[in-house]
Structures are given as structure tokens and as C-alpha cells.
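Numbering (full-length UniProt numbering), first residue to last: 1 to 225. The beta carbon of each residue, even a glycine, is placed where N, CA and C say it ideally should be. Encoded as C-alpha cells, the structure appears first; notes follow it.
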Ligand SMILES: Nc1ncnc2c1ncn2[C@@H]1O[C@H](COP(=O)(O)OP(=O)(O)OP(=O)(O)O)[C@@H](O)[C@H]1O
């Protein structure tokens with residue numbers, strides 16, 4: 001599902017190129033559910049950005065679902081992201097002026113019929129326990145409820161790959177556990193590949209697989225600049 005070969009990524013800082021990430025060879029199987037751990041500034045989010053096509057590597061190859069992402073133009077990467085990747089953020093990224101349901105409907109392809117849209121939206125709001133909150137604005141939802149809506153938005157189109165960057169980082173521990181369980185259960189049931197960045201060792205232990213960024217990034221640790 002994910003194949004990374006000879007990838008490196010640097011950022012320009014004060015006119016100097018600073019190496020952040022170097023991955024010789026890393027492979028993730030379709031359907032794996034994997035927690036990515038590591039200290040602050042060690043390149044976890046950068047790795048997710050490369051896999052989602054938000055960033056491009058300086059060199060090397062990134063293959064996702066058999067697609068050579070490293071060869072793609074920006075517009076082709078945008079298309080790839082819309083079709084293949086669901087992204088879940090720490091701070092939800094819901095549009096504040098739209099209801100939970102409208103936030104979800106916004107990303108549904110125009111090719112979906114009204115009937116299919118309604119069936120899917122109803123199914124998923126029920127599935128995540130948010131049926132009664134569809135018409136609420138994000139500000140009228142708890143943080144856990146906002147993340148449930150964001151999870152629907154990430155998975156309703158059934159992308160093969162779900163990338164979650166600290167999805168529970170702004171939640172209390174009990175809600176964090178509930179949200180992680182929900183995410184893991186959905187990805188298992190739908191056979192989606194899940195790659196989650198988390199600092200929380202207890203939450204990481206819920207995952208069938210765990211990887212430390214320093215096991216794949218061969219550069220020495222760098223603190224956040
Ligand atoms: N666009 C950018 N320009 C310059 N430096 C950047 C940029 N993005 C990230 N960095 C730097 O790259 C390093 C890795 O950042 P990254 O966000 O990938 O780390 P992380 O492991 O996700 O950290 P955290 O756990 O704190 O979120 C950091 O030192 C960061 O400051």
C-alpha cells in the first residue's frame with residue numbers, strides 16, 4: 001500500500017537547507033493499522049505530508065496504492081489526495097459556519113446521487129453516534145463530537161488510506177480512548193489502512209502495530225525549530 005524508497009526531505013531555515021527526514025526503505029501493507037510514535041520535531045508530520053502528497057520529497061520514491069506519487073504534478077497530487085486519502089487532524093479542521101452534516105457533504109463527489117448521499121450520511125452519523133447532532137454547528141458540539149464528524153468526513157468516500165495526525169491530542173483521556181477505538185474499529189471493518197501519529201503510549205498500545213519514527217528516519221533526532 002505504501003512504499004517509500006530512498007526518500008529525503010530538507011527545509012530551508014535562515015538560508016540553509018536543514019535535513020529533516022531520510023527514509024531508505026519503508027513498507028506498509030494494505031489494511032495495516034499502525035501507530036507512528038516519536039519525539040517532537042522528529043519528522044512524523046512531515047512523513048504524513050509526504051505520503052498525502054501535500055509535500056514532495058527532495059529525492060526518492062513514494063508509492064501509494066501502486067501510484068508513483070513522486071512523479072506527480074501538484075494538481076495530480078490534489079486529485080490523488082481527494083481520491084485515495086482521508087486526513088484527520090488534531091484540531092478537526094471543520095468549517096465553523098457549516099453544520100456537521102454540511103461539513104461532510106462538502107467533500108462527497110458530485111457523482112453521488114441524492115439517494116446515495118442521504119443513505120451514506122445517515123449510516124455514518126448513526127455509526128459514530130452523532131445521529132442527533134447532524135444539524136449542529138461545530139461550536140455547538142463537544143470536541144469529541146467534532147472529531148467524530150471529522151472522522152466521517154475522512155472516511156465516507158472510502159479512501160484506502162487514513163492518515164491521522166494526533167487525532168486525540170486535544171481531547172481528554174477518556175474521550176481520546178473512545179475516539180481511538182472508533183477509528184480503529186471502522187478501519188478494521190472497512191479494511192482501510194490507518195497510519196496514526198500519537199505521542200500517547202497507552203493509545204499507541206491499542207494499535208496492532210507500532211513503529212518509532214527513529215526506526216525509519218535514519219537522520220539523528222532534531223528538536224522542533
Ligand atoms: N515547512 C517547514 N519549514 C521549515 N521547517 C519545517 C517545516 N515543517 C516542519 N519543519 C521542521 O521539521 C522538523 C520536523 O517537523 P515535524 O512537524 O515533521 O515533526 P513532528 O515529529 O511531527 O513533531 P511534533 O510531534 O512536535 O508535531 C521540525 O524541526 C520542524 O520545525
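- Message: Give me the DSSP bridge partner(s) of residue 35.
- Response: 196 and 210
- Taking residue 1 and residue 104 to be in contact with their CB atoms under 8 Å, please state how far apart those CB atoms are, rounded to whole angstroms. Incorrect: roughly 25 Å between the Cβ atoms, too far for contact.
- Message: Could you check if residue 11 belongs to the surroundings of ligand 1, using beta carbon to heavy atom distance under 8 Å?
- Response: yes
- Query: DSSP state of residue 27, grouped into three classes?
  - Reply: strand
- Item | Residues of its chain near residue 175, where Cβ-Cβ distance is below 6 Å and the 5 sequence neighbours each way are ignored | 144
- In whole angstroms, what is the alpha-carbon distance linking residue 43 and residue 215? 12 Å
- Neighbour flag for residue 186 against chain C, beta carbons, 9 Å: Included in the structure is just one protein chain, with no chain C present.
- Message: Suppose you measure from the CA of residue 130 to the CA of residue 161; what does that come to, to the nearest Å?
- Response: 23 Å
- How many Å lie between residue 24 and residue 62 at the Cα? 11 Å
- What does DSSP give as the partner residues of residue 86 in its beta bridges? 162
- Task: Would you check if the region 178 to 185 and the region 11 to 22 touch, i.e. whether three or more CB-CB distances between them fall below 8 Å?
- Result: no
- Query: Under a three-way DSSP split, which group does residue 125 fall into?
  - Reply: helix
- Kindly examine ligand 1 and report whether one of its heavy atoms sits closer than 8 Å to the Cβ of residue 39. yes
- Message: Measuring only the C-alpha atoms, how far is residue 218 from residue 79?
- Response: 31 Å
- Query: Closer than 8 Å: is that where the CB of residue 74 sits relative to any heavy atom of ligand 1?
  - Reply: no
- Under the criterion of a Cβ to heavy atom distance below 8 Å, does residue 166 qualify as lining ligand 1? yes
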